[in-house]
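Taking it in order: structure first as structure tokens, then the write-up.
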Amino acid sequence: GGTREFIIRSGMLSKKGVINTSWKKRFFILTNKTLYYYPDDFNVPDDIDFHLIDAPPRGKVDVSLIIGVEREPKGAKEKFMVKTPVRGYRLKTEKIKDAEAWIAAITGAADHMKSREHQVGMRRASVSSLKADELDELDTDTAAPDPTNIAGARSTSTHIVGPHTPAAVDNYINWGRFDVAAWLHTLSLGQKYSELFYQNNIDGKVLEDCVKDKGKLIEIGVDKEDVTAILTGIRKLQDIYDGNGEL
2 GGTREFIIRS GMLSKKGVIN TSWKKRFFIL TNKTLYYYPD DFNVPDDIDF
52 HLIDAPPRGK VDVSLIIGVE REPKGAKEKF MVKTPVRGYR LKTEKIKDAE
102 AWIAAITGAA DHMKSREHQV GMRRASVSSL KADELDELDT DTAAPDPTNI
152 AGARSTSTHI VGPHTPAAVD NYINWGRFDV AAWLHTLSLG QKYSELFYQN
202 NIDGKVLEDC VKDKGKLIEI GVDKEDVTAI LTGIRKLQDI YDGNGEL
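For any residue, its number in my numbering is found by taking its place in the sequence shown, counting from 1, and adding 1.
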């Protein structure tokens, strides 16, 4: 039973270990339920059915346990941290736009999972039960948690992202549902509407249509007082797409 697991995003990232603090390349797969990582020689096509993958991952993070994403300070925008109650996973991409895409996808998946859990009245697992699950990893670079990273992965070298800009802002037409969900948080409307937009399959192309037909937003359940803010946000995206706005 339950929701079928499917791939949202996959690709190569570098991951910083807790014991061995060097950066190591890992192949990551984000599904609607879990963030998995595999050896660097592992690869799968983007459109593969997740259930056809039988190789064991080197580690995994339950999406429902992700409490936030941190970006490294200015000047290191390709680096970010995925935070759980137990530890922080430090990751980096080759290009800044790829970091933006991963941040948007992970945040969108986590927000969607939290919305689902809230709807069905599920309680979050206790931290004590998380430790055994999260730390049961084969990879020696994550053999034990770093005490400085427990309970929010606090660090003076990073700051919390807060509402972030989703992937490829200058090409929002190609956004998927999770990118749109992440974008709603930049309008301070994510808590209210990310689940609603996801359920109604609102992607970048549908956002574009909403400007021509604002009744579409009301049809899916957006309050009238929020329609203007959303339409203004979409028009800003259009300006950036047309080369008239700023990132």
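Beta carbons are placed, not taken as given, at the ideal position from N, Cα and C, and that holds for glycine.
For residue i, list the residues DSSP reports as bridge partners.
i: ILE8; result: THR32
i: GLU73; result: In DSSP, GLU73 forms no bridge with anything.
i: LYS26; result: SER15
i: ASP63; result: THR35
i: LEU92; result: LYS16 and PHE81
Which value, in whole angstroms, describes the spacing of the CA atoms of residue i and residue j?
i: ASP180; j: ILE104; result: 9 Å
i: PHE268; j: ALA106; result: The chain is shown from 2 up to 248; residue 268 falls before or after that span and cannot be answered.
i: VAL228; j: LYS26; result: 43 Å
i: LYS16; j: LEU92; result: 5 Å
i: TRP184; j: VAL64; result: 19 Å
i: LEU202; j: ARG178; result: For the sequence presented, residue 202 should be read as Asn rather than Leu. C-alpha separation (whole angstroms): 6 Å.
i: LYS34; j: LYS84; result: 16 Å
i: HIS186; j: GLY89; result: 22 Å
i: ILE68; j: SER116; result: 13 Å
i: GLN239; j: LEU232; result: 10 Å
i: SER189; j: ALA230; result: 10 Å
i: ILE1; j: ILE20; result: Past the boundaries of the shown model lies residue 1; the chain is included only from 2 to 248, so the question cannot be answered.
i: LEU66; j: ILE219; result: 33 Å
i: ASP55; j: ASP243; result: 44 Å
i: GLY191; j: LYS98; result: 22 Å
i: ASP41; j: THR94; result: 14 Å
i: GLY18; j: MET82; result: 12 Å
i: LYS237; j: GLU209; result: 11 Å
i: ARG100; j: TYR37; result: Residue identity check: residue 100 is Ala in the sequence provided, not Arg. ALA100 and TYR37: Cα-Cα distance of roughly 17 Å.
i: ILE221; j: ILE9; result: 24 Å
Using a 10 Å radius around the Cβ and a threshold of 16 neighbouring Cβ atoms, would you call residue i buried or exposed?
i: SER11; result: buried
i: ARG72; result: buried
i: ARG5; result: exposed
i: PHE198; result: buried
i: ASP112; result: buried
i: SER158; result: Per-residue confidence for SER158 stands at a pLDDT of 31, beneath the threshold of 50, marking its modelled position as unreliable; the derived number appears in the next sentence. SER158 should be labelled exposed.
i: PHE249; result: This structure gives no information on residue 249, because the portion of the chain shown stretches from 2 to 248.
i: SER1; result: With the chain covering 2 to 248 only, the question about residue 1 has no answer from this structure.
i: GLU226; result: exposed
i: ILE49; result: exposed
On a CA-only basis, which of the options is nearest residue i? Give me that one, please.
i: THR108; options: TYR37, ALA182 and ILE49; result: ALA182
i: LYS61; options: LEU31, HIS113 and ASN172; result: LEU31
i: LYS206; options: LYS193, ILE174, GLY191 and ILE221; result: ILE174
i: ILE241; options: ASN172, TRP24, PRO58 and GLU79; result: ASN172
i: LEU14; options: VAL223, LYS96, ASP224 and LYS193; result: LYS96
Quick test of the definition: if touching needs 3 or more C-beta pairs under 8 Å, does the segment 35–45 touch the segment 208–217? No, the segment 35–45 does not touch the segment 208–217.
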